[in-house]
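Residue numbers (the numbering used here): 120 to 642.
C-beta: ideal position from N, C-alpha, C; glycine also.
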């Protein structure tokens, strides 16, 4: 038995904190190969205490999720990466099996086959493990199948089973996040609210971890990769792997200082054992001679990703356009194309119309091919859910809404569509009123079904149906103007439409509001 193994065994009888101090010393000072030798030692004593080194990689229930002896901190990011790969060494087979099941699950959600999705999720929990990923998607599936009532019933069942404190708070947040009528712009505030009563010392690190998991591409946020990896040790190896991919993508975008040069051989080893196209291409960025061993479809996706990472954006657009013509309902293709055109930091700095024009061209191809309206609704819902972005979510919805409105305009004489930056409206003031009013009712209903989980409001005004971003209203703007430019001023607000009600409400006690025409609630 090697010296390091003997030393570890010698402290196992000395209590939790003494063991923790020893493991911390090993983590920060021992060579990686020696730590591997220790964890590979077949001594029953060592195998029974592997959780100190690899956590609980594959929990068998939600009650086991988060169950680790201790989160061991270290001084440097490189030590956290070594610790991560230590876990990967013990879970290659299950991670490899997880990837295709995950892809199939997401595709079934996209196509609205919720029975198949539930079956796949059962397989993942049984064959792989329970994880934050399965928890989130279990709640999403409950919401899609049973509405808000189904979501909250599942949440209460979970909370009654005795979850670890971290997972309990996270489950409350995840339940709110998947609510169909919850705007994506509210996600961060809902997380802070969910953690309001969380009192553990690692609260800030846990929020940092989940904020990054929520939106890794938030350009104004500093990314603490070491803290994120430390906290991820609490959860399943599936969760650690998915967060690792997000961190790798940030390295490609030069947003974090990741010592990738020291981990090329480990990345290649991980890639050789896990058939994941996303990992494949992240590895190819650093080792261009790496062969592609996947089917043609995945090879095409890899080519798109590689061109994007090299900055060949037009090649990405052309490849994506051709690919989506042949695979119009491929969720993985849509997700990949959208993210590869939007989420790298350099791209965010470009003019927004450039980003959106590329994005919408790809979406339009898929939209035009999807004959089933339920698939169309699922497309915009799922993409907005995946992207978790106010602007991109509304732009996707706006495109779909404009297609729907144009269809109504072709059927209703003298009606027209007006497109604004954060709103889109269908006017029927000059149209035959009885027929147009009925069509307006149908249009409003169709737009509301498509706006699920988006920060969008659909309202019926005076001979107009308008879909707009939640914050894009006269009240929001007037309130901002008074606060920033005319604080203390008294104002007069005059309007003649339902769309003016927010403005009337915003000047309450700060001036006079006058409704021209019918009675108003706020003037």
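ask   = In terms of alpha-carbon separation, which member of 177, 172, 284 and 255 lies closest to residue 270?
value = Of the listed residues, the one whose Cα sits closest to residue 270 is 255.
inquiry  = I'd like the list of long-range same chain contacts for residue 549, defined as Cβ closer than 6 Å, with 5 residues on each side in sequence excluded.
reply    = Answer for residue 549: 533, listed in chain order.
request  = Please look up how many angstroms separate the CB atoms of residue 187 and residue 174, rounded, as I've assumed it's under 8 Å.
outcome  = Residue 187 to residue 174, Cβ: 5 Å. Contact.
ask   = Between the region 348-356 and the region 190-205, do three or more beta carbon pairs fall short of 8 Å?
value = Between the region 348-356 and the region 190-205 there are three or more C-beta pairs closer than 8 Å, enough to call the two in contact.
inquiry  = Just to check my reading of the structure: residue 273 and residue 258 have Cβ atoms closer than 8 Å, yes? What is that Cβ distance to the nearest angstrom?
reply    = Here residue 273 really is in contact with residue 258; their C-beta atoms are around 6 Å apart, less than 8 Å.
query = Which term fits residue 185, buried or exposed, when burial requires 16 or more other beta carbons within 10 angstroms of its beta carbon?
reply = Buried, since its Cβ has 16 or more Cβ neighbours within 10 Å.
inquiry  = Given this structure, state the Cα-to-Cα distance separating residue 285 from residue 176, to the nearest angstrom.
reply    = A straight-line Cα-Cα distance of about 16 Å links residue 285 and residue 176.
key: Which listed residue (531, 210 and 243) has its alpha carbon closest to that of residue 222   = Closest by C-alpha distance to residue 222, out of 531, 210 and 243, is 243.
key: First through last residue of the alpha helix (DSSP H) which encompasses residue 658   = No information on residue 658 is available, as it lies outside the stretch 120 to 642 that the chain covers here.
ask   = Buried or exposed: residue 160, going by 16 or more other Cβ atoms within 10 Å of its Cβ?
value = Residue 160 is buried by the Cβ-count criterion.
key: Residue(s) in a DSSP beta bridge with residue 587   = Here residue 587 is bridged, per DSSP, to 542 and 576.
request  = Starting from the C-beta of residue 402, find all residues in its chain whose C-beta is less than 7 Å away, skip the five residues before and the five after it, and write them out in chain order.
outcome  = Cβ contact annotation for residue 402 (same chain, cutoff 7 Å, sequence separation greater than five): 386, 387, 390 and 409, in chain order.
inquiry  = I'd like the span of the alpha helix (DSSP H) that includes residue 290, first residue to last.
reply    = Bounds of the alpha helix (DSSP H) holding residue 290 are 284-296.
key: Rounded C-alpha distance that separates residue 139 from residue 170   = Counting only the Cα atoms, residue 170 lies some 11 Å from residue 139.
message = So the candidates are 199, 225 and 181; which of them puts its Cα closest to the Cα of residue 151?
response = Selected option, being the one with the closest Cα: 199.
message = Could you compute how far the alpha carbon of residue 567 sits from the alpha carbon of residue 383?
response = When rounded, the distance between both Cα atoms is 49 Å.
query = How many angstroms separate the CA atom of residue 241 from the CA atom of residue 366?
reply = A straight-line Cα-Cα distance of about 28 Å links residue 241 and residue 366.
inquiry  = Run through the DSSP bridge pairs and tell me what residue 535 is partnered with.
reply    = Residue 535 is bridged to 546.
Exposure of residue 493, with buried meaning 16 or more beta-carbon neighbours within 10 Å = For residue 493, the predicted model reports a pLDDT of 44, less than 50, meaning its position is unreliable and no value from the coordinates is stated.
N- and C-terminal bounds of the alpha helix (DSSP H) containing residue 142 = For residue 142, the uninterrupted alpha helix (DSSP H) run begins and ends at 135-148, by DSSP.
ask   = Would DSSP call residue 129 helix, strand or coil?
value = Helix.
request  = Go through its chain and collect everything with a Cβ distance to residue 125's Cβ below 6 Å, but skip five positions before and after it.
outcome  = Within the same chain, residue 125 has no close Cβ partners at all.
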